[in-house]
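Novice: Let me give you the structure first, and then I'll get to my questions.
2 protein chains.
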Amino acid sequence: MTMDSRPLFGKVALLGIGLIGSSMAHAMRRAGLAAHIAGYARSPETLEKANSIGFADGLHDAPEMAVREADFVVLATPIGAFGELAKEIAPHLKPGAIVSDVGSVKSAVIRDVSPHIPAGVHFVPAHPIAGTEQSGPEAGFPELFDGRWCVLTPTPETNAQAVETVKTFWRRCGSEVEIMDAKHHDLVLGITSHLPHLIAYNIVGTAADLEQVTQSEVIKFSAGGFRDFTRIAASDPTMWRDVFLNNREAVLEVLGRFTEDLTALQRAIRWGDGEALFNLFTRTRAIRRSIIEAGQDTPAPNFGRLRTRKP
Amino acid sequence: MTMDSRPLFGKVALLGIGLIGSSMAHAMRRAGLAAHIAGYARSPETLEKANSIGFADGLHDAPEMAVREADFVVLATPIGAFGELAKEIAPHLKPGAIVSDVGSVKSAVIRDVSPHIPAGVHFVPAHPIAGTEQSGPEAGFPELFDGRWCVLTPTPETNAQAVETVKTFWRRCGSEVEIMDAKHHDLVLGITSHLPHLIAYNIVGTAADLEQVTQSEVIKFSAGGFRDFTRIAASDPTMWRDVFLNNREAVLEVLGRFTEDLTALQRAIRWGDGEALFNLFTRTRAIRRSIIEAGQDTPAPNFGRLRTRKP
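Chains as they are written, first to last, in the working numbering: chain A, 13 to 323; chain B, 13 to 323.
Written out as structure tokens, the structure reads:
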């Protein structure tokens, strides 16, 4: 993180002020990145909550009002709404403004947003890889991006200076920045984020539907491993629906590999092949160690949540 | 937890002093449950570590030495070793002693251990549903069982007084206790613990083997969800090999259901069925809430591990 504390932008417009948008506002305030933060949300309840928290200087229920005179505009709604949103704001964008986003899929976002970006405005697709299972403006906090990676996926046509500015923005929000091809990003996130969420949602659904095991048993005995999956499976349903609808190809590809491997594992269990099981279970330990060494997870056992008994 | 602080047993023998065995020793000390705690481990390294931590009053490299004069004997090695271990200690068990275990599978353990239990000794199968991803005598701590459930699976032949004593033991270790049929236990744990571990091991293996995505990318961008799975996939390989070899039927059954559900989800993604995805993703949130309300997980976002950046 640079020590620079001058505002990078005059006005920043956050279109969407849920977990990510509100955390960006908090992080921008912490780093003094904007002279004015404008927030947009469709629902009056969200605007009301945001207003009482106070992370924005102006709040709007119309996106074109939020983007007026903005130097930096960030799309931060579920990605299914990006195309319409870009179309709506296009005539109101300030010449020279930078438009960016925080969507979890990049090829589809480039496909949906780019056609609407007027000449003289620069679109820099971005994805901060950070989050929690909570949603809404009250879920945000300034440290969300600290030590996490933000991936930028400019196309060959993207303005290089605009990419540098967005890079600086994210670094000052606490992130590390990586540049990647959009298609590659979608595959990397397919395995590191989208497939894990799909699997988590699926196993929680399976457990709920098993007629021989009661819901109460699933809950009581969840400390055996299941509870870990329920955290991810509590993530925002709209956001994740849009991710799967918009990263179909990459998700189906990694899912195919996952299923293939799972079938082999199933066969090893059926035939009592202890060696195959042991070998896989040994190999996977090393990856955990590397993630901890890279500062991407805590070394504390059970993620440090030792005491969770009822008060 | 009762306020009773009289020792429940004269001598307790822990056969196996890894994460669970050593945590039991710490919890017994905390509650004053035993006048003498004897530990057994096969490897000199484990005994050496246990000795320097000091949670046992006596340490042995032969199980028959540890069980001599013990009132309570606990099998706490990986379950694949239980049969041999029971056979070895049988002639040395004190009349009236209670033998129990901490194995994650109960039908197979009853099958392997019961035939070796001499007349006048009582076998009470038990499974404390608690743990971390770490292993070995240095991983143990006294609070591991606090607020977690311990399931006892006595058969109709099991001595009722012995069951009551084991129940008291676990309550004084901080646990809540549930009585269950062994076969039902194996199915419940199949979905709440064994399948989650299998899935976690599998996805970590799949990610490691994807040739289009580098290991370094998987590690850097793991905060998108993948890192959660690596915790579970860092669990002890021998213990988990033995679980899958000994709970084959139940694991294959719940795995079949999981795969069936996953196939339906795959189809929803392929055909762009956003409604099906949204419905599942909404339903799974409620289970998370119930688990938190039941005191089985922390309400803190990201399990409370907000700051994991490199020092």
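Beta carbons: idealized from backbone N, C-alpha and C, even for Gly.
Predicted model, so just to flag it, every value in this text is computed and none were measured.
#1: Mind checking whether the beta-carbon of R317 (chain B) lies closer than 7 Å to any heavy atom of the ligand SAM?
#2: Looking at the structure shown, is L27 (chain A) part of a helix, part of a strand, or coil, going by DSSP?
#3: Compare the Cα-Cα distances from R297 (chain B) to each of A:T275, A:I303, A:F241 and A:R295 and report the closest residue.
#4: List the residues that DSSP assigns as beta-bridge partners of D113 (chain B).
#5: Excluding sequence positions up to five away, which residues of its chain have a Cβ less than 8 Å from the Cβ of P56 (chain B)?
#6: Would you mind reading off the limits of the beta strand (DSSP E) that contains L210 (chain A)?
#7: Using only CA atoms, which one of A:V255, A:F233 and A:Q278 lies nearest to R300 (chain B)?
#8: Measuring CA to CA, which of B:G286, B:R239 and B:V136 is closest to K179 (chain B)?
#9: Please confirm if G95 (chain A) has its CB atom under 8 Å from at least one CB of chain B.
#10: Leaving out five residues on either side along the sequence, give the residues of the same chain with a beta carbon under 7 Å from the beta carbon of D193 (chain B).
#11: Which residues, in chain order, does the segment 150–181 of chain A contribute to contact with chain B at a C-beta distance below 9 Å?
#12: If the cut-off is 9 Å on Cβ atoms, which residues from the segment 203–224 of chain A count as contacting chain B, listed in chain order?
#13: 8 Å is my cut-off, CB to CB: does V263 (chain B) come that close to chain A?
#14: Can you give me the start and stop residues for the beta strand (DSSP E) that A71 (chain B) sits inside?
#15: Tell whether a beta-carbon distance below 8 Å holds between A235 (chain B) and Q227 (chain B).
#16: Would you say I110 (chain B) faces chain A, with C-beta separation under 8 Å as the test?
#17: Output the residue ranges of the alpha helix (DSSP H) runs that lie fully inside the segment 123–200 of chain A and measure 4 residues or longer, sorted by chain position.
#18: What did DSSP end up calling F4 (chain A) once you bin it into helix, strand or coil?
#19: Buried or exposed, going by whether 16 or more other CB atoms sit within 10 Å of the CB of N314 (chain B)?
#20: Output yes if chain B places a C-beta closer than 8 Å to the C-beta of N63 (chain A); else output no.
#21: Hey, quick one: how far does the beta strand (DSSP E) through G108 (chain A) stretch, first residue to last?
#22: Return no unless some Cβ of chain B is closer than 8 Å to the Cβ of R183 (chain A).
#23: Among the candidates A:P149, A:A174 and A:Q173, whose CA atom is the shortest distance from the CA of E60 (chain A)?
#24: To which residues of the same chain is D69 (chain A) closer than 6 Å at the C-beta, ignoring the five residues directly before and after it?
#25: Indicate the three-state DSSP secondary structure (helix, strand or coil) for F21 (chain A) in the structure shown.
#26: Please list the partners that I231 (chain A) has in chain B, where partner means a Cβ-to-Cβ separation under 8 Å.
#27: For F84 (chain A), which residues of its own chain have a beta-carbon under 6 Å away from its beta-carbon, when the five flanking residues on both sides are left out?
#28: Looking at the C-beta of A37 (chain B), does it have a partner C-beta in chain A at a distance below 8 Å?
#29: For M13 (chain A), would you say it is in contact with chain B, using Cβ-to-Cβ distances shorter than 8 Å as the test?
#30: Since T250 (chain A) and F157 (chain B) should fall inside the 8 Å C-beta cutoff, what is the C-beta to C-beta distance between them, to a whole number of angstroms?
#31: Taking 8 Å as the threshold (C-beta atoms), are S247 (chain A) and S116 (chain A) in contact?
#32: So if I threshold CB-CB distances at 7 Å, which residues from the segment 119–139 of chain B count as touching chain A?
#33: Which stretch, first to last residue, makes up the beta strand (DSSP E) that contains I101 (chain A)?
#34: Tell me, which residues are paired with A46 (chain A) by DSSP?
#35: Just the chain B side, please: which residues come within less than 7 Å of I244 (chain A) by C-beta, in chain order?
#36: Any idea what DSSP makes of G236 (chain B), helix, strand or coil?
Specialist: Inspection of the coordinates gives the following:
#1: Although the ligand SAM was asked about, the structure shown includes no ligands whatsoever.
#2: strand
#3: A:F241
#4: B:L87
#5: D73
#6: That residue, L210 (chain A), is in no beta strand (DSSP E); its alpha helix (DSSP H) goes L207 to D221.
#7: A:F233
#8: B:V136
#9: no
#10: T165
#11: A151, F153, E155, L156, D158, G159, R160, W161 and V163
#12: I203, T204, S205, H206, L207, P208, H209, L210, I211, A212, Y213, N214, I215, V216, G217, T218, A219, A220, D221, L222 and Q224
#13: yes
#14: This sequence places Leu at residue 71 (chain B); Ala is not what is there. From DSSP, the beta strand (DSSP E) with L71 (chain B) extends over G70 to H72.
#15: no
#16: no
#17: 172–184
#18: Outside the shown range of chain A (13 to 323) lies residue 4 (chain A), about which nothing can therefore be said.
#19: buried
#20: no
#21: Run containing G108 (chain A): none; DSSP gives neither H nor E here.
#22: no
#23: A:P149
#24: H48 and I49
#25: strand
#26: I299, S302, I303, A306 and Q308
#27: F21, V24 and I110
#28: no
#29: Note on M13 (chain A): pLDDT 45, under 50, position unreliable in the model; the coordinate value appears next. False, the Cβ-Cβ gap to chain B never drops below 8 Å.
#30: So it is not a contact: roughly 39 Å between Cβ atoms.
#31: no
#32: none
#33: It is not in any beta strand (DSSP E) - I101 (chain A) instead sits in the alpha helix (DSSP H) that spans F94 to I101.
#34: A:F21
#35: G237 and D240
#36: helix
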